[in-house]
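Structure, as structure tokens:
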Amino acid sequence: MTSTITLARAYKRSFEAYPHVTLAVAGGALTALGDVVAQLSQHIVAPEDNRKPGLHYDVPRTLRYFCFGAGMSPLIGRWNKYLEHKFPLRSSREGPASFAALSKRVAVDQIVMAPIGLSLFLSFMGMMEGRDSKHIRARFQDIYQPALLANWKVWPAAQFINFRFMPLPYRVPFQQTCGVFWTLYLSLINSAESKKQDAEDALQQTLERPP
2 MTSTITLARA YKRSFEAYPH VTLAVAGGAL TALGDVVAQL SQHIVAPEDN RKPGLHYDVP
62 RTLRYFCFGA GMSPLIGRWN KYLEHKFPLR SSREGPASFA ALSKRVAVDQ IVMAPIGLSL
122 FLSFMGMMEG RDSKHIRARF QDIYQPALLA NWKVWPAAQF INFRFMPLPY RVPFQQTCGV
182 FWTLYLSLIN SAESKKQDAE DALQQTLERP P
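Residues in the sequence shown are numbered from 2 upward in steps of one, following our numbering.
In structure tokens form, the structure reads like this:
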């Protein structure tokens with residue numbers, strides 16, 4: 002408990018001095034953690050006959066997730082600040098919290114930022130993996146809609162808690178902490194799509210190879 006309080010105080014001091022850097026480092030680390038969990042899970046649940054000896058860990062893949070989280074977190078911080086001022090929960094410091102304003106925050110976040118964030122994720126990961134525009138478009142066709150629908154089943158409840166109870170400096174870390182499991186999901190479906198595209202490319206090259 003004492004270490005948690007100490008860590009929270011250190012985070013607050015860092016946020017007050019360097020808000021964007023603090024959000025970037027914290028968000029990048031938590032997003033990378035989601036991919037670490039995903040890779041370990043993929044190794045554990047892989048069929049015995051397909052499992053390679055030892056743990057073949059993809060470090061560049063985790064670094065891509067760190068970079069994405071580090072880039073997105075300051076943007077999410079600015080977005081949270083905008084929602085804070087656009088939809089104030091209280092008319093006065095001691096007044097009751099407005100459920101209507103809270104609902105508007107969550108609704109706008111899910112209608113506007115959720116689709117944008119998912120689009121940035123698919124585009125960034127595609128480019129960082131060296132995919133061309135054709136492969137990135139295919140990724141959107143295969144992943145975007147089911148992932149967005151899954152997002153809307155999970156995140157509204159988490160954001161209700163976040164916007165209602167968390168102070169502004171802690172909203173991105175809270176969101177990214179919850180997002181470890183969301184990143185696990187995204188990492189798994191993105192990895193499956195990458196393997197699918199690699200297999201299709203290999204088959205196409207085989208078919209085009211002269212006899």
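Positions of the beta carbon are idealized from the N, C-alpha and C atoms, including for glycine.
At which residues does the alpha helix (DSSP H) containing residue i begin and terminate?
{"i": "HIS21", "result": "20-46"}
{"i": "PRO147", "result": "146-166"}
Once the 5 residues before and after residue i are set aside, which same chain residues still bring their CB inside 6 Å of it?
{"i": "ALA25", "result": "ALA71, SER74, PRO75"}
{"i": "MET114", "result": "TRP80"}
{"i": "LEU185", "result": "GLY35, VAL38, ALA39"}
{"i": "GLY78", "result": "LEU24, VAL173"}
{"i": "VAL46", "result": "none"}
{"i": "LEU8", "result": "none"}
{"i": "PHE161", "result": "VAL107"}
{"i": "ARG132", "result": "none"}
With H, G and I counted as helix, E and B as strand and the rest as coil, what does DSSP make of residue i?
{"i": "GLY70", "result": "helix"}
{"i": "GLY131", "result": "coil"}
{"i": "GLY136", "result": "First, the amino acid is wrong: residue 136 is His here, not Gly. In this structure, HIS136 counts as helix in the three-state DSSP scheme."}
{"i": "MET126", "result": "helix"}
{"i": "ASP202", "result": "helix"}
{"i": "ASP59", "result": "coil"}
{"i": "ASP50", "result": "Confidence at ASP50 is low in this model, with a pLDDT of 48, below 50, so the placement of that residue should be treated as unreliable; the coordinate-derived value is given next. Here ASP50 sits in coil by DSSP."}
Could you pull out every residue in the same chain whose Cβ sits closer than 7 Å to the Cβ of residue i, ignoring the five residues on either side in sequence?
{"i": "THR178", "result": "LEU31"}
{"i": "PRO157", "result": "VAL107, GLN111"}
{"i": "ASP50", "result": "In this prediction, ASP50 scores a pLDDT of 48, lower than 50, which makes its location untrustworthy; the coordinate-derived value is nonetheless stated afterwards. Here the set comprises nothing."}
{"i": "ASP199", "result": "none"}
Which residues in the same chain have their Cβ closer than 8 Å to the Cβ of residue i, if we skip the five residues on either side of it in sequence?
{"i": "ARG91", "result": "PRO97, ALA98, SER99"}
{"i": "LEU119", "result": "TYR145, ALA148, LEU149, ASN152"}
{"i": "GLU1", "result": "Lying before the first or after the last residue shown, residue 1 is absent from the chain, which here runs from 2 to 212."}
Subject >> Within the segment 77-112, ranges of the alpha helix (DSSP H) (whole runs, at least 4 residues) >> reply: Qualifying alpha helix (DSSP H) stretches, in chain order: 100-109.
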